[in-house]
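Working notes, beginning with the structure itself.
Numbering (UniProt numbering), first residue to last: 1 to 399.
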């Protein structure tokens, strides 16, 4: 049996940042990634990421800097293997070209990202029909292999992934018939809508859904239910961009939120199982890679501390979300430490505020009023002196 102080699963931005942070605390780190380091960043060819490296980088440029940083740390080992099992006793089983091994770790960080929501959950898919792909697959085909997925596309989902796919497909020469969104508004921000839809003259149908596909063998059209009635769009590829779900399949023993199934963590991203941490897309839809990297760095530092001492030894307080919130991360705080919470609401607010109250109903923190989109997270920073009791968090419309 091999040993490691901190075993990190996943070589995306969160995993690489966790490895560097843990190694900086003198921990013996193993980073397991069966594929190329960088994850989905390799398909992000637009600029604007990489705050930890000065900003303004494309995904591949970010990965190049991160890999170079990893290579300077002698106490980080890159393991080109897949993790097949994690035990609650922190044993990790791996399998790869070099063989199968079992590691005994003092701390484990899960940073393997999320899984794409399958098309079958978004619209009816006839058995055996080709030409239906996820946004991740469409972007990988274009950015990694230089292949077009089709000549005319219908994209289902107007979040960040859907609009990015629409832009990349349109720029490579694919005719994007439309982007379909079941909600009343696109999930991405105004700037992204301008760049990906308006500038390229791509129509976006809100409050609409795909109710059927036509074609034999390969898709040839999509039937769409809109507020004006049913429409049919000719296409030879349907791109499903319904987002991603946290992948906790390797950690069946950790506690999860009863509402949305995400892992219950504290402000250092440790779960209810001591020594087990979850960050990035494996925990929630964290959006751009910089946020995932920030979470990875926090978890990597905490994992190294836990591996060295075996405990944090600090009192913890709880954060209870109100019914109008989809989720809040974290739900447990360490006393005496500041923290940043991520809140996602169930509805939209024109002038909404995130409000935190103590047990007596006194307001501890209230964010400035502004538009709150149900498709995007709101982040609230808490100072160390504000983390001194159990808190209740909710969203309110401000007059």
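Here a beta-carbon is modelled for each residue, glycine too, at the ideal position from N, C-alpha and C. Note that this is a predicted model, so its numbers are computed, not measured.
DSSP beta-bridge partners for residue i?
| i | result |
| --- | --- |
| residue 175 | 152 |
| residue 221 | 214, 234 |
| residue 342 | 329, 379 |
| residue 101 | 94 |
| residue 240 | 134, 156 |
| residue 398 | The partner list for residue 398 (beta bridge, DSSP) is empty, contrary to what the question assumes. |
| residue 116 | 244 |
| residue 391 | 319 |
| residue 229 | 226 |
| residue 18 | Answer by DSSP bridge pairing: none, since residue 18 is not bridged. |
| residue 32 | 9, 79 |
| residue 107 | 6 |
| residue 85 | 93 |
| residue 256 | 263 |
For residue i, which option in the options has the closest C-alpha, if you only look at C-alpha atoms?
| i | options | result |
| --- | --- | --- |
| residue 258 | 301, 195, 320 | 320 |
| residue 392 | 123, 323, 372 | 323 |
| residue 202 | 217, 212, 186, 216 | 186 |
| residue 249 | 84, 346, 98 | 84 |
| residue 93 | 220, 356, 251, 179 | 251 |
| residue 144 | 214, 109, 60 | 60 |
| residue 176 | 310, 12, 341, 222 | 222 |
| residue 234 | 153, 78, 380, 4 | 153 |
| residue 348 | 362, 396, 341, 316 | 396 |
| residue 147 | 212, 43, 229 | 43 |
| residue 254 | 155, 231, 220, 86 | 86 |
| residue 219 | 4, 127, 48 | 127 |
| residue 88 | 137, 64, 74, 109 | 109 |
| residue 214 | 231, 200, 383, 169 | 231 |
| residue 298 | 277, 200, 374, 286 | 277 |
| residue 79 | 286, 2, 246 | 2 |
| residue 25 | 217, 45, 302 | 302 |
| residue 343 | 374, 359, 98 | 374 |
| residue 173 | 200, 135, 64, 136 | 200 |
One question on the structure: do residue i and residue j come within less than 8 Å of each other, judged by their Cβ atoms?
| i | j | result |
| --- | --- | --- |
| residue 125 | residue 76 | no |
| residue 300 | residue 20 | yes |
| residue 158 | residue 149 | no |
| residue 115 | residue 256 | no |
| residue 357 | residue 370 | no |
| residue 67 | residue 37 | yes |
| residue 193 | residue 163 | yes |
| residue 139 | residue 107 | no |
| residue 119 | residue 82 | no |
| residue 111 | residue 180 | no |
| residue 329 | residue 226 | no |
| residue 12 | residue 41 | yes |
| residue 394 | residue 325 | yes |
| residue 62 | residue 289 | yes |
| residue 279 | residue 27 | no |
| residue 333 | residue 316 | yes |
| residue 10 | residue 113 | yes |
| residue 275 | residue 90 | yes |
| residue 23 | residue 73 | yes |
| residue 122 | residue 242 | yes |
| residue 354 | residue 378 | yes |
| residue 345 | residue 372 | yes |
| residue 167 | residue 196 | yes |
| residue 382 | residue 341 | yes |
| residue 50 | residue 160 | no |
The ligand HEM heavy atoms versus the CB of residue i: any closer than 7 Å?
| i | result |
| --- | --- |
| residue 87 | Among the ligands in the structure shown, none appear at all, so the ligand HEM cannot be discussed. |
Using 8 Å as the limit for Cβ to Cβ distance, is residue i near chain D?
| i | result |
| --- | --- |
| residue 142 | Among the protein chains of the structure shown there is no chain D, as only one such chain exists. |
May I have a chain-ordered list of the alpha helix (DSSP H) segments no shorter than 4 residues that lie completely inside the stretch 262-310?
Listed in chain order, they are 289-309.
> Do the stretch 170-186 and the stretch 267-278 meet, that is, are 3 or more Cβ pairs less than 8 Å apart?
Replying inline: No contact exists between the stretch 170-186 and the stretch 267-278.
Check whether the stretch 296-310 and the stretch 361-376 are in contact - that is, three or more C-beta pairs closer than 8 Å.
No: fewer than three Cβ pairs fall under 8 Å.
Query raised in the report: Which parts of the stretch 40-79 are runs of the beta strand (DSSP E), unbroken and 3 residues or longer, counting only runs that do not cross its ends?
Result: Under the rule that a run must span 3 or more residues, the beta strand (DSSP E) segments found entirely inside the stretch 40-79 read 76-79.
**Asked** Unbroken alpha helix (DSSP H) runs of length 4 or more, entirely within the stretch 162-212: which are they?
**Response** Listed in chain order, the complete alpha helix (DSSP H) runs (minimum 4 residues) inside the stretch 162-212 are 190-193.
task: Quick one: which unbroken beta strand (DSSP E) runs of 3-plus residues sit fully inside the stretch 349-376? Chain order, please.
output: The beta strand (DSSP E) runs of length 3 or more contained entirely in the stretch 349-376 are, from start to end of the chain, 349-357, 363-366, 370-372.
Discussion item. Tell me whether the stretch 128-145 and the stretch 228-247 touch, counting them as touching only if at least three CB pairs, one residue from each stretch, are closer than 8 Å.
Written reply: Yes, they touch.
Spell out a yes or no on whether the stretch 374-389 and the stretch 337-344 are touching, meaning 3 or more CB-CB pairs, one atom from each, closer than 8 Å.
Yes, they touch.
Practice prompt. Could you tell me whether the stretch 205-213 touches the stretch 102-112, using the rule of 3 or more Cβ pairs below 8 Å?
Written response: No: the two stretches stay apart, fewer than three of their Cβ pairs being nearer than 8 Å.
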